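What follows is a single structure, written as structure tokens, with notes after it.
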Amino acid sequence: MDAATVFGKTPLGDQELGGGERRLPQRLRNVLILVNGSRPIGELLTLMPAATLLPALRALEQHGHIRCLAETAEPPGGMAARPSDAPPVMAVPVWMENARQAGRVALERHAGEAGAVIARRLQHVRRPGELRMELQRLGHHLERFAGPAAAQGFTAEMAAYLDREPTLES
1 MDAATVFGKT PLGDQELGGG ERRLPQRLRN VLILVNGSRP IGELLTLMPA
51 ATLLPALRAL EQHGHIRCLA ETAEPPGGMA ARPSDAPPVM AVPVWMENAR
101 QAGRVALERH AGEAGAVIAR RLQHVRRPGE LRMELQRLGH HLERFAGPAA
151 AQGFTAEMAA YLDREPTLES
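Numbering (the UniProt record's numbering), first residue to last: 1 to 170.
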């Protein structure tokens, strides 16, 4: 399995997501939802940590819920993308990446694997004000999925982190 490998759902995988009966653990269902037949593993790794994603992909493949569609560096459709077709990539400041990482670690500490799944929302944040708003939203999600104690712990931990980080002033 390399970063260019693409997985797709089998009929069993589609049945798991579409049927009323849930047989898979939630952590495997979360990964199965991300598999769409066009995203390579490299893209999935931006949504979920490798320690969670790779074992789940192996388990789903072994149980027949997904199968390998392609192991090529070319994007789906058979045409290689020209560099000018690629969207511009904004450089993320070090402080922002550090704040994202602190948020991911805090979410995983307070909610386990569920925290790892919702932490992917931090990847799209580019400015300090957005970061604060997204952390508040994540606290609300965490309260629903992991309970009020986990949400309060996460919110307090991130507030303390943001208060001591001098470059996060809006």
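Built from N, CA and C at the ideal position, the CB exists for glycine as well. Bear in mind the structure is a predicted one, so any value in this text is a computation, not a measurement.
Candidates the options: which alpha carbon is nearest residue i's?
i      : options                       : result
Glu143 : Arg120, Thr155, Val125        : Thr155
Glu157 : Ala102, Glu113, Asn98         : Ala102
Ile118 : Glu21, Glu130, Pro11, His140  : His140
Arg67  : Ile41, Leu45, Pro49           : Ile41
Arg104 : Met133, Glu130, Leu138        : Leu138
Ala56  : Arg39, Glu43, Leu45, Arg27    : Arg27
Leu131 : Gly112, Asn98, Glu113, Glu108 : Asn98
Trp95  : Gln136, Arg39, Tyr161         : Tyr161
His65  : Pro49, Asn30, Glu43           : Asn30
Leu52  : Glu43, Leu60, Glu113, Arg164  : As written in the sequence, residue 52 is Thr, which differs from the Leu given in the question. It is Glu113 whose Cα lies nearest to the Cα of Thr52.
Among residues of its own chain, excluding the 5 on either side of residue i, which ones have a beta-carbon nearer than 7 Å to its beta-carbon?
i      : result
Leu47  : Leu34, Arg120
Pro83  : Confidence at Pro83 is low in this model, with a pLDDT of 49, below 50, so the placement of that residue should be treated as unreliable; the coordinate-derived value is given next. Correct list: empty, nothing qualifies.
Arg23  : Glu16
Pro11  : none
Glu134 : Arg121, Leu122, Val125
Kindly identify the DSSP beta-bridge partner or partners of residue i.
i     : result
Pro40 : Val6
Ile66 : Lys9
Once the 5 residues before and after residue i are set aside, which same chain residues still bring their CB inside 8 Å of it?
i      : result
His110 : Leu142, Ala146, Ala150, Ala151, Gly153, Phe154, Glu157
Keeping to the same chain, check which residues put their C-beta closer than 6 Å to that of residue i; ignore five residues upstream and five downstream.
i     : result
Ala70 : Val6
- Task: Any chance you could list the alpha helix (DSSP H) runs of at least 4 consecutive residues sitting entirely within the segment 97-136, in chain order?
- Result: 113-118
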